[in-house]
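The sequence shown runs 6 to 249 under this note's numbering.
Quick reminder that beta carbons are idealized off the backbone N, C-alpha and C, glycines included.
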Amino acid sequence: MYSYRSSDEPPERTARPDKGRASLYSEHVSTKDPSWCITLEVWLSALHQLESSPVSPLTRAKLQDSRRICKELLHVLRGTEPGEGRACERSLLAVRALGWTQALSSMFACPGGTFIELMATAPWNLLGKDDPADPRTLHGAGSALIKQAVSWSRLRGCGGRVALQAENPRTLGFYERIGFRRMAPDDGPLALVPRGESDWSPEILRVAQGCPGPEEERAPWLVLDPVPAEDRVLPPAWSTTSAA
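This is how it looks when you write it as structure tokens:
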């Protein structure tokens, strides 16, 4: 059994009394549905309001991180930024509870597992115990997204493998605590990360070749692999460090 929390919600008490965890409902939704861009715009507005409120320094830092992620996901869905893979292959997952969308994540079904491109949680879920209470706060939405990524990987015969890039250094220790580790050439990085319109990104190619640069050290590529190495079977065409 695996237990996860979003990178945007490190373990801490909720800002409101725990009166029972609400049911979380996650599903694949259309990347072409404009309502998700509207949702992200609403979140960005809420982030601005929260940043103007008396929140703790830790929460303020998380709000700033969330603003960057929400903006990037919004640009990716609008097609104004390329993102990590091909737009036609991108999936979008939403988590709902308490009548609100609580988290959104763009993901890719890769030959070796599920790749989490971007993961954003609703701003009110970033509030901690010392912040103003919000009745919409529900911790665990990010956990539901990662669990869904694991399940999606298993359904496709990939053993529950999940990959992502930890762009926020503050979350690296958290990811490692829940089982993620730095990706190595033997993991078949090109089977875990989607190819772009013309090729893979230079960053993941360096990881696949076993020579990560300063950018990869700052924002490492991680993999969660529930399958023991001796039992792991990579797709034959993707188990090397080249696209051939």
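Self-check item: Minimum length 3: unbroken beta strand (DSSP E) runs contained in the segment 25 to 106
Solution: The beta strand (DSSP E) runs of length 3 or more contained entirely in the segment 25 to 106 are, from start to end of the chain, 30 to 34, 95 to 102.
Gly215 to Gln170 span [Cα, whole Å]:
Taking the sequence shown and counting its residues from 1, one reaches residue 215 at position 210. Taking the sequence shown and counting its residues from 1, one reaches residue 170 at position 165. Going from the Cα of Gly215 to the Cα of Gln170 covers about 16 Å.
Note down, in chain order, each residue of its chain lying with its Cβ closer than 6 Å to the Cβ of Trp157, except the 5 sequence neighbours on either side.
Mapped onto the sequence shown, residue 157 falls at position 152. Answer for Trp157: Thr119, listed in chain order.
ask   = Cα-Cα, which of Ser40, Ala213, Trp226, Leu131 is closest to Asp191?
value = Position 186 of the sequence shown, counted from the start, is the residue given in the question as residue 191. If you compare the alpha carbons of Ser40, Ala213, Trp226, Leu131 with that of Asp191, the shortest gap goes to Ala213.
- With 16 as the cutoff for other CB atoms within 10 Å, does Ile183 come out buried or exposed? As a working note, residue 183 is residue 178 in the sequence shown. Its Cβ having fewer than 16 others within 10 Å, Ile183 is exposed.
Worksheet item: Comparing the CB of Cys216 with every heavy atom of the ligand NAP, is any distance shorter than 7 Å?
Response: As presented, the structure is devoid of all ligands, the ligand NAP included, so that no description of it is given.
What would DSSP say about Trp226, mapped onto helix, strand or coil? Taking the sequence shown and counting its residues from 1, one reaches residue 226 at position 221. Residue state, collapsed to three classes: strand.
| message | For Tyr211, which residues in the same chain have their Cβ closer than 8 Å to its Cβ, ignoring the five residues on either side in sequence? | response | As a working mapping, residue 211 is identified with position 206 in the sequence shown. Inspection of the sequence shows that residue 211 is occupied by Arg rather than by Tyr. Pro217, Gly218, Glu221, listed in sequence order.
*For Val130, collect the residues of the same chain with a Cβ closer than 7 Å to its Cβ; drop the 5 residues on either side in sequence, then sort them by chain order.*
Position 125 of the sequence shown, counted from the start, is the residue given in the question as residue 130. Per the sequence shown, the amino acid found at residue 130 is Asn instead of Val. Excluding residues within five positions, the ones whose Cβ falls inside 7 Å are Glu14, Gln107, Thr142, Leu143, His144, Ala146.
*Could you tell me the boundaries of the alpha helix (DSSP H) in which Gly147 lies?*
Taking the sequence shown and counting its residues from 1, one reaches residue 147 at position 142. Counting along the chain, Gly147 sits inside the alpha helix (DSSP H) bounded by residues 146 to 160.
_Given this structure, state the Cα-to-Cα distance separating Ser57 from Ala138, to the nearest angstrom._
Indexing the sequence shown from 1 puts residue 57 at position 52. Indexing the sequence shown from 1 puts residue 138 at position 133. Whole-angstrom Cα-Cα distance: 15 Å.
What are the start and end residues of the alpha helix (DSSP H) that includes Phe185?
Numbered from its first residue, the sequence shown carries residue 185 at position 180. From DSSP, Phe185 is part of no alpha helix (DSSP H); its letter is neither H nor E.
Inset, instruction - Spell out a yes or no on whether the segment 80 to 88 and the segment 159 to 174 are touching, meaning 3 or more CB-CB pairs, one atom from each, closer than 8 Å. - result: No, the segment 80 to 88 does not touch the segment 159 to 174.
Requested in this report: Going by CA-CA distance only, name the one from Trp48, Gln69, Ala102, Pro62 that's closest to Leu79.
Outcome: One-based indexing of the sequence shown puts residue 79 at position 74. For Leu79, the nearest C-alpha among the options comes from Trp48.
With a CB to CB cut of under 6 Å and the five nearest residues on each side skipped, what residues in its chain are close to Ser8?
Within the sequence shown, residue 8 is the residue found at index 3, counting from 1. With a pLDDT of only 32 at Ser8, under the threshold of 50, the placement of this residue in the model should not be trusted; the figure read from the coordinates follows. Closer than 6 Å at Cβ, skipping near neighbours: no residue.
Provide the residue span of the beta strand (DSSP E) that contains Ala171, from first to last. The sequence position of residue 171 within the sequence shown is 166, counting from 1. For Ala171, there is no enclosing beta strand (DSSP E), since its DSSP letter is neither H nor E.
Only counting the same chain, and skipping five residues up and downstream in sequence, which positions put a Cβ closer than 7 Å to that of Ala94? Locating residue 94 in the sequence shown gives position 89, counting from the first residue. The question names Ala, yet the displayed sequence has Glu at residue 94. Phe113, Pro199.
query = Where does Gly178 sit, in a helix, a strand or coil, going by DSSP?
reply = On the sequence shown, residue 178 is found 173 positions in, with the first residue counted as 1. Three-state DSSP puts Gly178 in a helix.
Check your understanding: For Gly201, which residues from the same chain have a beta carbon less than 8 Å from its beta carbon, with the 5 sequence-adjacent residues on both sides left out?
Key -> As a position in the sequence shown, residue 201 is number 196, starting the count at 1. The beta carbon of Gly201 lies closer than 8 Å to those of Pro87, Glu89, Gly90, Arg91 in the same chain, with the five residues before and after it left out.
Margin query: Can you tell me where the beta strand (DSSP E) holding Glu122 begins and where it ends?
Written below: Numbered from its first residue, the sequence shown carries residue 122 at position 117. For Glu122, the enclosing beta strand (DSSP E) begins and ends at 118 to 126.
Item checked: For Ala114, the three-state DSSP class (helix, strand or coil) -> Along the sequence shown, one-based indexing puts residue 114 at 109. Strand, per DSSP.
| Whose C-alpha, out of Ser206, Ser71, Tyr180, is nearest the C-alpha of Leu227? | Position 222 of the sequence shown, counting from 1, holds the residue named residue 227. For Leu227, the closest of Ser206, Ser71, Tyr180 by C-alpha to C-alpha distance is Tyr180.
### Query
So what does DSSP say about Val212, is it helix, strand or coil?
Position 207 of the sequence shown, counting from 1, holds the residue named residue 212. Helix.
**Asked** When the distance is taken between beta carbons, is Cys42 closer than 8 Å to Leu68?
**Response** Translated into positions along the sequence shown, residue 68 becomes position 63. Translated into positions along the sequence shown, residue 42 becomes position 37. No, Cβ-Cβ distance for Leu68 and Cys42 is not below 8 Å.
task: Tell me whether Ala196 sits in a helix, a strand or coil according to DSSP, three-state version.
output: For this step, residue 196 is matched to residue 191 along the sequence shown. DSSP places Ala196 in helix when its eight states are reduced to three.
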